[in-house]
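To start, the structure under review is shown below, and the notes come after it.
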Amino acid sequence: MKKIEAIIKPFKLDDVKEALVDIGITGMTVSDVKGYGRQQGHSELYRGAEYIVDFLAKNKIEVVVNDEDVEATIKAIIESSKTGKIGDGKIFVIPLDEVVRIRTEQRGAEAV
């Protein structure tokens, strides 16, 4: 099993959710996060004063999938979140040693 973490632009969240549901991913965790990558933030004008926005608002999506579903999940995230502009985000794939469902104590793929 793998945990896939994707950092995306907030306005793409609904598109990514729909794409994941379409391929059978039924659960996800979404967090509001802030950060920056190569774009290093940007400056904005507010009431005549310029200020620097160092950290940009993003959403982090976390899903756990079986090994055979990793490529389809990555493809769905890319196709539904890509704008072609800087700041589209990143996808991280992390191996999982164990998953346990607290309520039933199921382990492994059954727990997902």
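Counting in the working numbering, the sequence shown tops out at residue 116, every number present.
Every residue, glycine too, gets a C-beta built ideally from N, C-alpha and C.
#1: Taking just the CA atoms, how far does G39 sit from E66?
#2: Rounded to the nearest angstrom, how far is the Cβ of A4 from that of P14, given a contact under 8 angstroms?
#3: Is the region 20-27 touching the region 101-116, taking contact as three or more C-beta pairs under 8 angstroms?
#4: Check for me: the alpha helix (DSSP H) holding K79 runs from which residue to which?
#5: Check each candidate in K16, L17, A10 and D73 and name the one with the smallest Cα separation from A113.
#6: With DSSP collapsed to three states, give me the class of E9.
#7: A115: which of R51, T87 and G31 sits nearest, CA to CA?
#8: Where does the unbroken alpha helix (DSSP H) through E66 begin, and where does it stop?
#9: In the DSSP assignment, find the unbroken alpha helix (DSSP H) run with D19 in it and report its ends.
A quick look at the data gives this:
#1: 17 angstroms
#2: Nothing about residue 4 can be reported from this structure: the residues present for the chain run from 5 to 116 only.
#3: no
#4: V74 to S85
#5: D73
#6: strand
#7: G31
#8: Note, E66: premise wrong, no alpha helix (DSSP H); beta strand (DSSP E) at L60 to V69.
#9: L17 to D26
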